[in-house]
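Here's the structure, in structure tokens; my notes come after.
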Amino acid sequence: MSLEWCKCSNCATTTLSQPRECLCCQEVAETSALADFNSEPITCITQQDDFRVVWLNAAVLKTTLIRIKYLMQGMDLSATEVPSEYVYI
571 MSLEWCKCSN CATTTLSQPR ECLCCQEVAE TSALADFNSE PITCITQQDD FRVVWLNAAV
631 LKTTLIRIKY LMQGMDLSAT EVPSEYVYI
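Using my numbering, read the sequence shown as starting at 571 and increasing by one per residue.
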């Protein structure tokens, strides 16, 4: 698989199995907004100060997945409505 679509120079095809997965972070508008909060200029989302903490943390990803699941089901996920099995204190 070619890397011609990559604009940040950090994309890899080793974990990609479908052409539709070939999306560079520079093609996503929200990525440039994250760069505005960084301490130094960046060309790739993986260079963002909090990338490892936020995007590679299993607990953060699991919590986000649960929230997305509830939102897709049209449920309000305010703090008072979160089921106890999803509350980590």
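Glycine residues also receive a C-beta, built at the ideal position from the N, C-alpha and C atoms.
Contiguous alpha helix (DSSP H) assignments of at least 4 residues, all confined to the segment 574-626
Taking 4 residues as the shortest admissible run, the segment 574-626 contains the following complete alpha helix (DSSP H) segments, listed from N- to C-terminal end: 599-605, 621-625.
Just to confirm before moving on: does the CB-CB distance between Asp619 and Asn627 stay below 8 Å?
Judged by beta-carbon spacing, Asn627 lies beyond the 8 Å limit of Asp619, meaning their Cβ atoms are not closer than that value.
Cβ atoms of Cys595 and Trp575: under 8 Å apart, would you say?
No, they are not a contact pair.
Using a 10 Å radius around the Cβ and a threshold of 16 neighbouring Cβ atoms, would you call Ile615 buried or exposed?
So Ile615 counts as buried.
How big is the Cα-Cα spacing for Glu597 and Cys581?
Taking the straight line joining both Cα atoms gives about 12 Å.
From Lys632 to Thr584, what distance separates their C-alpha atoms?
Note on geometry: alpha-carbon atoms of Lys632 and Thr584 lie some 24 Å from one another.
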